[in-house]
Structures are given as structure tokens and as C-alpha cells.
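Take a look at the structure below.
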Amino acid sequence: MNIAVLLAEIINIYSWILIIYIFMSWVPNARESTFGQIMASICEPYLAPFRKFIPPLGMIDISPIVAIFALNFARYGVFAIFGMF
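Position one of the sequence shown corresponds to residue 2 (my numbering), numbered consecutively onward.
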């Protein structure tokens, strides 16, 4: 397994963690649980810069969607960078 595949897999796993964290907002009190607090400590530092630049549209926060797209671009970037070598 080379470094590009490993980095891409880590990015993929983190994307799934973000998706789980987003869906937890739909379940009452899920984010207040111990698991929810652990997920918040993993996800919120990454989501915070996106929330600064993308304000919520009423009750809808689209910044996590943009953050996931950024991770996908990063994954493609990893393959592009390591594909050059």
C-alpha cells in the first residue's frame, strides 16, 4: 500500500465520520451524548472555518456539505500529486 492510497483512505474515513456527525443532528440529544461529544471534538475543528465563511440559510447549515466536497477535492489532489512521481 503506498502513501497516496493510505492518505486517500484516511480522508475517506474522515468524510464518513463527518456524515455520521451531520446525521446525529437529526436525532434529539445525540450530540449531547458521550459519543456525540467525541464526534464533535473530531469534527468541529474542521467545520469551524467553513462555518465562518458560509452562514446558515435559516435553519439549514450547508457548511458541512462544502467541507465534505473540500475533502473529496483533497483526496483527488492526493492522487494527482502522488501520480506525478
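Backbone N, C-alpha and C define an ideal beta-carbon position, used for all residues, glycine too. In this text, all values refer to a predicted model and were calculated from it rather than measured experimentally.
Check, Outcome
"Pair every Cβ in the segment 65-72 with every Cβ in the segment 41-55, then say whether three or more of these pairs are closer than 8 Å.", "yes"
"Whole angstroms are fine: how far does the CA of F80 sit from the CA of A9?", "8 Å"
"Taking 8 Å as the CB-CB limit, is A9 close to chain E?", "Protein chain content of the structure displayed is limited to a single chain, and chain E is not contained in it."
"If I1 sits next to M40, beta carbons under 8 Å apart, how far is it from one beta carbon to the other, in whole angstroms?", "The requested residue 1 is not part of the displayed model; the chain covers only 2 to 86."
"Which one or two residues does DSSP pair with L58 in a beta bridge?", "I61"
"I'd like the span of the alpha helix (DSSP H) that includes S16, first residue to last.", "I4 to M25"
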